[in-house]
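Participant: Take this structure first; my questions come after.
There are 4 protein chains.
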Amino acid sequence: MDKIKVGIVGATGFAGAELVRLLAGHKNAEITVLTSRQYAGINFNKIYPVMKGIINIRCEEYNQRTAEKADIFFLALPHKIPMEIAPELIAQGKKVIDLSADFRFADVNNYEKHYQKHKAKHLLKEAVYGLSEVYTNRIKKARLIGVPGCYPTSALLPLIPILKSKLIKPESIIIDSKSSVSGAGRSLSLTSMYCGVAESFKAYKVASHRHSPEIEEVLQKNTGCPASITFVPHLIPMSRGMETTIYAKLTDDRIEEKHILSNLSVYYKDRYFIRICKDRIPDTLAVRGTNFCDIGVKIDKRNNRLILLSVIDNLVKGAAGQAVQNMNIMFGLDERTGLDKAGYAV
Amino acid sequence: MDKIKVGIVGATGFAGAELVRLLAGHKNAEITVLTSRQYAGINFNKIYPVMKGIINIRCEEYNQRTAEKADIFFLALPHKIPMEIAPELIAQGKKVIDLSADFRFADVNNYEKHYQKHKAKHLLKEAVYGLSEVYTNRIKKARLIGVPGCYPTSALLPLIPILKSKLIKPESIIIDSKSSVSGAGRSLSLTSMYCGVAESFKAYKVASHRHSPEIEEVLQKNTGCPASITFVPHLIPMSRGMETTIYAKLTDDRIEEKHILSNLSVYYKDRYFIRICKDRIPDTLAVRGTNFCDIGVKIDKRNNRLILLSVIDNLVKGAAGQAVQNMNIMFGLDERTGLDKAGYAV
Amino acid sequence: MDKIKVGIVGATGFAGAELVRLLAGHKNAEITVLTSRQYAGINFNKIYPVMKGIINIRCEEYNQRTAEKADIFFLALPHKIPMEIAPELIAQGKKVIDLSADFRFADVNNYEKHYQKHKAKHLLKEAVYGLSEVYTNRIKKARLIGVPGCYPTSALLPLIPILKSKLIKPESIIIDSKSSVSGAGRSLSLTSMYCGVAESFKAYKVASHRHSPEIEEVLQKNTGCPASITFVPHLIPMSRGMETTIYAKLTDDRIEEKHILSNLSVYYKDRYFIRICKDRIPDTLAVRGTNFCDIGVKIDKRNNRLILLSVIDNLVKGAAGQAVQNMNIMFGLDERTGLDKAGYAV
Amino acid sequence: MDKIKVGIVGATGFAGAELVRLLAGHKNAEITVLTSRQYAGINFNKIYPVMKGIINIRCEEYNQRTAEKADIFFLALPHKIPMEIAPELIAQGKKVIDLSADFRFADVNNYEKHYQKHKAKHLLKEAVYGLSEVYTNRIKKARLIGVPGCYPTSALLPLIPILKSKLIKPESIIIDSKSSVSGAGRSLSLTSMYCGVAESFKAYKVASHRHSPEIEEVLQKNTGCPASITFVPHLIPMSRGMETTIYAKLTDDRIEEKHILSNLSVYYKDRYFIRICKDRIPDTLAVRGTNFCDIGVKIDKRNNRLILLSVIDNLVKGAAGQAVQNMNIMFGLDERTGLDKAGYAV
């Protein structure tokens with residue numbers, strides 16, 4: 004099989020660089036174009052010297068001719084730009100995997116309420132939400148994917164099966180998430196400076212983060228339950244990783260941990276990247292650099308409350324890795340292709 | 004006034020060392036004896052070279068004669084030993100501030116269920132729970148203090164006023180806490196090694212931590228509400244600091260953030276170490292090295308749910324600092340004495 | 004005695020904030036004015052919330068009237084601005100302690116070669132180099148101090164006595180320094196971002212750092228030896244601290260470690276902030292947050308080479324702490340005033 | 004080609020785990036046995052959960068039958084044990100790659116002086132020093148490899164070509180190295196605890212580290228110059244990575260940076276893992292997780308002194324990666340096999 008020609012638009016941000024890392028080691032793909040407004044004309048491996056000897060491509064500015072250079076484009080751009088670029092790529096017969104929020108919402112009102120006016124509404128109907136394990140069949144046939152946010156990925160993977168099986172009460176869901184600082188991206192800001200991050204742990208956008216409506220829309224669509232969640236994100240002083248602790252009332256006080264574990268195991272049967280943890284507690288270090296999502300379960304019997312714990316690498320399963328997984332599914336490849344490297348034990 | 008003679012039993016653990024740091028800078032106290040089983044015969048400033056020039060005392064083994072050397076003893080020891088030592092110190096007319104769990108519980112059954120058989124039950128009735136801002140009056144007259152755990156301190160300070168005023172439903176309380184690794188103490192363990200901590204964030208003792216019954220007993224006693232909480236602690240890759248995010252259902256959907264803020268402000272009126280945050284989110288870096296507890300408030304209107312955020316330095320307000328604050332109160336000093344140094348901005 | 008009225012010009016950078024921390028706890032000083040161009044009108048404790056309850060002063064823009072508000076001014080500004088401000092302050096009878104390079108060089112050509120044209124040359128003659136332990140007598144009578152750079156402080160303190168006693172060959176000196184990232188200041192830059200700093204260790208400005216001529220000028224003036232050093236700074240992934248390892252050929256192969264130790268001990272007799280380490284290796288953690296400089300000594304017998312090791316906190320002895328120490332000396336106070344708080348053991 | 008059957012003896016230390024990571028992704032090798040004394044009977048992926056889904060082998064105790072299970076054995080054990088095990092493996096026709104010091108020294112006296120009595124002297128003559136780029140031809144035919152220490156690797160790679168070409172004076176070499184804490188291994192120790200490592204930078208074993216004689220023996224053998232080096236290692240608060248800054252007097256003051264760069268480029272022509280840095284300074288972050296050694300060059304003209312800068316990942320090129328590279332060379336494979344994955348940009 005010929006290699007899939009891949010373009011990365013916005014290659015020099017953290018998600019873009021992670022796409023380069025993963026795709027450079029993908030046996031069925033070949034990166035043919037990298038774009039960057041800020042670094043046009045500069046070799047990608049100068050910006051990220053770790054890539055010297057791995058990739059040797061000069062960044063170029065995105066323009067009319069970019070579309071010709073690849074079969075599929077990953078858009079790793081700030082919200083708003085993808086909805087301007089995606090239509091022209093689709094129109095030229097290209098596949099598009101967008102990592103922004105622009106194509107995550109089926110309900111345009113929901114998007115416009117939390118982001119801005121949408122300029123490519125006509126594509127929303129066909130855009131598929133790229134939560135790989137949940138939307139597999141639709142992804143297979145998709146032309147346009149909206150890759151889920153990192154928080155939604157870490158929350159939805161454990162929640163969807165459980166809520167779908169009506170094991171928890173939808174109005175009782177609380178999601179307490181903790182993200183590493185790479186989630187804030189590569190833009191300069193005081194809050195991303197080493198001296199402000201080290202030894203700092205804090206919440207932010209308390210119950211007002213834009214990933215909240217994304218989680219609710221997808222939960223509802225997949226479970227039929229009208230979910231209204233309370234979502235609080237926090238920042239951890241580390242480079243990669245995300246942990247989510249979810250609390251919800253069980254619908255029946257006879258439900259035990261084994262039922263929850265079994266429910267998850269059945270739902271994610273044969274799905275390589277979901278590791279249900281029976282005898283250990285999910286730890287960000289155990290998924291670092293990988294596309295795994297580890298899920299743990301605990302019931303607080305006294306309060307008849309379920310606690311779900313999940314960890315992902317926010318740059319991999321929470322962004323670039325899931326994007327590549329979706330590409331694999333779209334092209335009929337084993338979903339693990341290019342995503343099967345072991346993480347670092349230390 | 005003569006200086007208070009102070010002994011620290013178990014001076015070489017992290018809480019002990021923090022007591023040394025704070026008391027070495029306390030104008031009304033003088034450290035007269037430091038004990039350590041492991042380091043007997045060695046100068047304290049050899050174990051912690053940062054203390055060279057600050058303190059110059061040789062550690063000695065605790066024995067029958069130790070009691071003579073001070074007016075008040077801080078016990079920074081593993082659970083179980085304090086209940087053997089405290090009675091003899093009290094019998095000799097000394098005051099005792101214990102940092103273990105041994106004198107935190109009024110209900111001996113509660114202690115014995117979660118720890119072990121209690122050997123000094125007769126002292127439990129008079130022992131005062133050293134949550135300084137809440138038990139001030141009892142602390143003034145106390146001979147024996149059980150200093151609260153770090154998690155309980157961070158949870159109780161925001162919760163007590165709110166629950167007492169019946170603003171939240173007691174059965175709905177969820178406490179999601181995150182602690183730095185110094186909370187695990189100085190004992191060697193794989194989970195405290197640098198390579199296992201860095202880039203690792205994870206929950207532990209999910210809904211089964213022994214600080215849970217402590218929180219419940221104190222909540223109930225102070226608010227009259229039978230609280231049954233869900234408590235999940237997590238570990239953050241950093242040296243000092245603790246953040247607690249609390250979720251609870253409001254009892255009335257007309258309650259607004261300003262009511263909660265006002266409730267807290269009134270309850271903690273004139274209490275220096277409680278900083279109610281009106282326009283910023285509590286951040287561990289902002290209390291690092293200090294005895295402050297910063298409390299933030301947010302209401303998730305859609306779900307009629309209150310979110311309380313609190314941060315402390317687990318070694319200061321969560322242990323040694325609160326212990327010193329209690330000593331100040333017991334001796335009629337300004338509670339800030341020795342605890343008024345600015346933390347590091349970086 | 005009345006409190007010294009102190010102004011800090013450029014209070015919101017890292018060195019400025021450290022000055023605030025130290026002076027807020029100084030019993031003989033009172034901060035009366037804080038200036039900041041960027042944060043004029045904002046309370047200092049909003050910018051650094053750790054200072055809430057410690058200091059309550061609104062930042063203001065520096066202007067013609069600022070001089071009236073204090074007896075002494077600390078200038079924590081980028082190079083070039085102090086030489087514009089200092090003359091007018093001095094003219095109004097104020098004392099000035101400048102933390103930039105503007106008043107460090109006695110030889111204006113040396114300054115102009117490595118920085119820019121000097122606009123206050125007339126003050127260079129009277130400006131005193133604020134290496135507190137070496138220039139004590141001149142500092143006592145100074146109106147204007149140029150506080151040494153952090154690298155020079157860490158290198159000069161061990162080197163001056165040794166070179167002065169002709170124990171090492173001046174042409175053989177190599178200085179390998181390592182600084183934490185706070186040394187780069189609070190300005191936004193990719194190299195100060197958490198994700199670029201964590202797990203990154205690297206040299207920079209190899210043999211071309213502007214602290215090199217500063218070290219040479221001061222060495223030569225104090226020892227009479229024409230020193231030409233090789234200086235290589237590196238960046239450590241941590242917030243505070245600086246380590247310097249110095250290599251030099253011994254002038255005589257009979258020199259032993261005890262001679263070096265004794266030489267240093269004699270030179271720094273009764274100087275509280277210099278701790279000569281006889282049985283431990285200097286560690287940045289042991290000086291963190293303090294004004295100490297720890298110095299260690301080792302001789303590589305086989306190669307007849309001396310190795311000097313020194314550590315300081317770059318923000319304290321390397322900047323704000325030494326500045327305050329100089330103020331103490333200028334005002335006839337115990338040099339330890341305000342600088343006697345214990346560092347954190349953890 | 005059949006896959007090479009590989010055994011790892013001592014698989015659960017950091018170097019062992021890194022071997023597992025690299026070999027699990029090696030297309031021409033198959034791990035057939037993992038031994039561990041401490042974890043015998045436990046699945047490797049329970050000890051390192053990041054490996055779940057990557058490898059599924061139960062650790063077993065090393066015994067008489069272990070030899071049968073593989074073609075080649077990596078020994079990742081403390082010094083002294085390999086010299087007991089290697090002879091029996093060699094006797095059974097197996098190839099052995101030892102990561103300890105036991106087979107690094109050609110001169111048994113040198114080994115016995117710095118380690119202990121050698122019990123397998125007869126193998127020292129045929130053992131090959133596994134500095135892959137320098138001993139390539141001998142490695143091709145070796146049965147037994149002594150993999151270099153991490154410090155020697157980082158120092159020898161830049162030094163050998165330069166010293167061989169007599170560009171520097173052998174008696175003037177100073178090696179200032181900085182290692183991450185994983186270099187200390189997985190054994191419990193106070194100095195490896197998070198709270199002791201974070202914000203701590205310090206030297207250790209100053210001019211007395213056992214890697215010093217190793218560096219000297221190899222330097223001398225490869226360059227003909229009797230080198231007597233001064234070597235000072237330091238510890239950096241990070242998990243992976245090593246930086247080495249080398250100082251030496253140039254033999255001729257007409258030597259320029261371009262000559263040094265050219266010398267290195269010629270010596271390492273076509274060697275993938277050596278990256279000569281012409282326009283950037285080596286940074287540990289740029290080699291993290293990879294087998295690269297980045298080398299930088301700077302001349303301090305004023306002092307006619309060469310500064311060489313090198314970085315490696317101490318667990319990869321400094322241990323497991325170089326071991327695998329050697330296996331590749333021994334088996335006639337492309338040396339990059341299994342070592343070609345991109346490192347993380349963040």
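Protein chains in written order, with my numbering: chain B, 4 to 349; chain G, 4 to 349; chain X, 4 to 349; chain P, 4 to 349.
From the three backbone atoms N, C-alpha and C, an ideal C-beta is built for every residue, glycine too.
Small disclaimer: the values here were computed from a predicted structure and weren't measured.
May I ask which residues mark the beginning and end of the beta strand (DSSP E) holding V9 (chain G)?
Facilitator: From DSSP, the beta strand (DSSP E) with V9 (chain G) extends over I7 to V12.
Participant: Apply the 10 Å Cβ neighbour rule to S192 (chain B) and answer buried if 16 or more other Cβ atoms are within range, or exposed otherwise.
Facilitator: Exposed, since its Cβ has fewer than 16 Cβ neighbours within 10 Å.
Participant: Quick one: give me the first and last residue of the beta strand (DSSP E) that Y270 (chain P) is part of.
Facilitator: Run containing Y270 (chain P): none in the beta strand (DSSP E); it sits in the alpha helix (DSSP H), E260 to Y270.
Participant: Determine whether the beta carbon atoms of V221 (chain G) and P155 (chain G) lie at a separation below 9 Å.
Facilitator: In this structure, P155 (chain G) lies closer than 9 Å to V221 (chain G) by Cβ.
Participant: With distances taken Cα to Cα, identify the nearest neighbour of K49 (chain G) among X:G335, X:G56 and X:I284.
Facilitator: Of the listed residues, the one whose Cα sits closest to K49 (chain G) is X:I284.
Participant: Interface residues of chain G around L191 (chain P) at Cβ under 8 Å?
Facilitator: By Cβ distance, chain G contributes L191, S192, L193 and M196.
Participant: Check S168 (chain X) in the structure and name its three-state DSSP category.
Facilitator: Here S168 (chain X) sits in coil by DSSP.
Participant: Ends of the beta strand (DSSP E) at L312 (chain G)?
Facilitator: Looking at the DSSP string, the run of the beta strand (DSSP E) that includes L312 (chain G) is R308 to I315.
Participant: For the stretch 199–217 of chain G against the stretch 160–174 of chain G, are there 3 or more C-beta pairs whose distance is under 8 Å?
Facilitator: No contact exists between the stretch 199–217 of chain G and the stretch 160–174 of chain G.
Participant: Can you check DSSP and say which residues form a bridge with G149 (chain B)?
Facilitator: Answer is B:D101 and B:Y132.
Participant: Out of X:K72, X:R68 and X:G44, state which residue places its alpha-carbon closest to the alpha-carbon of C62 (chain X).
Facilitator: Considering only alpha carbons, the answer is X:G44.
Participant: Cβ of S1 (chain P) less than 9 Å from any chain G Cβ?
Facilitator: Absent from the model: residue 1 (chain P). The displayed extent of chain P is 4 to 349, so no value can be given.
Participant: By the 10 Å Cβ neighbour count, where 16 or more other Cβ atoms means buried, how is V319 (chain P) classified, buried or exposed?
Facilitator: Per the 10 Å Cβ criterion, buried.
Participant: Rounded C-beta distance between D353 (chain X) and R278 (chain X)? I'm assuming under 8 Å.
Facilitator: Chain X is shown only over 4 to 349; residue 353 (chain X) falls outside these bounds and no answer can be derived.
Participant: Pair every Cβ in the stretch 253–272 of chain X with every Cβ in the stretch 222–229 of chain X, then say whether three or more of these pairs are closer than 8 Å.
Facilitator: The stretch 253–272 of chain X is not in contact with the stretch 222–229 of chain X.
Participant: Kindly indicate the opening and closing residues of the beta strand (DSSP E) around L238 (chain B).
Facilitator: Its beta strand (DSSP E) spans residues T233 to I239.
Participant: According to DSSP, is L193 (chain G) part of a helix, a strand, or is it coil?
Facilitator: Of the three classes helix, strand and coil, the one that applies to L193 (chain G) here is helix, per DSSP.
Participant: Going by beta carbon distance, what residues of the same chain come within less than 7 Å of L80 (chain G), once the five residues before and after it are set aside?
Facilitator: The answer, listed in chain order, is V12, G13 and S103.
Participant: Span of the beta strand (DSSP E) holding V300 (chain X)?
Facilitator: It spans C296 to D303 - the beta strand (DSSP E) in which V300 (chain X) sits, taken as one unbroken run.
Participant: Rank X:A94, X:P90, X:K181 and X:M330 by C-alpha distance to the C-alpha of D105 (chain X) and give the top, closest one.
Facilitator: Considering only alpha carbons, the answer is X:P90.
Participant: Looking at C-alpha atoms only, which residue of B:K169, B:S39, B:I75 and B:R68 is the closest neighbour of L26 (chain B)?
Facilitator: When only C-alpha atoms are compared, the closest one is B:I75.
Participant: Select from the stretch 35–58 of chain P all residues with a C-beta closer than 7 Å to any C-beta belonging to chain B, and list them in chain order.
Facilitator: Those would be Y51, P52, V53, M54, K55, G56 and I57, in chain order.
Participant: In whole angstroms, what is the alpha-carbon distance linking T35 (chain P) and P173 (chain B)?
Facilitator: Computed Cα separation, rounded: 48 Å.
Participant: Measuring only the C-alpha atoms, how far is F47 (chain X) from I58 (chain X)?
Facilitator: Their Cα atoms are separated by approximately 8 Å.
Participant: Out of curiosity, what's the CA-to-CA distance linking I84 (chain P) and G133 (chain G)?
Facilitator: Answer to the nearest angstrom: the Cα atoms are 54 Å apart.
Participant: Do F77 (chain P) and G149 (chain P) have their beta-carbon atoms positioned less than 9 Å apart in this structure?
Facilitator: Contact: no.
Participant: Quick one: using the 10 Å Cβ neighbour count with 16 as the cut-off for buried, is D110 (chain X) buried or exposed?
Facilitator: Exposed.
Participant: Quick check on T156 (chain X) - is its C-beta less than 9 Å from some C-beta in chain P?
Facilitator: Taking Cβ atoms only, chain P never reaches closer than 9 Å to T156 (chain X), which makes this a no.
Participant: Against chain P, does P285 (chain X) count as a neighbour if the rule is that its beta carbon must be under 9 Å from one of theirs?
Facilitator: Answer yes: the Cβ-Cβ gap between P285 (chain X) and chain P drops below 9 Å somewhere.
Participant: Please compile the residues from chain B whose C-beta is within a distance smaller than 8 Å of the C-beta of L288 (chain P).
Facilitator: V53, listed in chain order.
Participant: Looking at the structure shown, is E202 (chain B) part of a helix, part of a strand, or coil, going by DSSP?
Facilitator: It is coil, neither helix nor strand.
Participant: Compute the beta-carbon to beta-carbon distance between S313 (chain G) and R243 (chain G), rounded to the nearest angstrom, for a pair I have assumed lies under 8 Å.
Facilitator: The pair is not a contact, with the Cβ atoms about 15 Å apart (cut-off 8 Å).
Participant: Against chain B, with Cβ distances strictly below 9 Å, would P216 (chain X) count as a contact?
Facilitator: So no, P216 (chain X) is outside the interface.
Participant: By a C-beta neighbour count over all protein chains shown, 10 Å radius and 16 as the cutoff for buried, is S183 (chain B) buried or exposed?
Facilitator: Flag for S183 (chain B) reads buried.
Participant: Considering just the uninterrupted stretch of the beta strand (DSSP E) at E33 (chain P), what are its terminal residues?
Facilitator: Counting along the chain, the beta strand (DSSP E) containing E33 (chain P) begins and ends at A32 to T38.
Participant: If you draw a straight line from the C-alpha of H29 (chain B) to the C-alpha of K8 (chain B), how long is it?
Facilitator: Roughly 11 Å separates the two Cα atoms.
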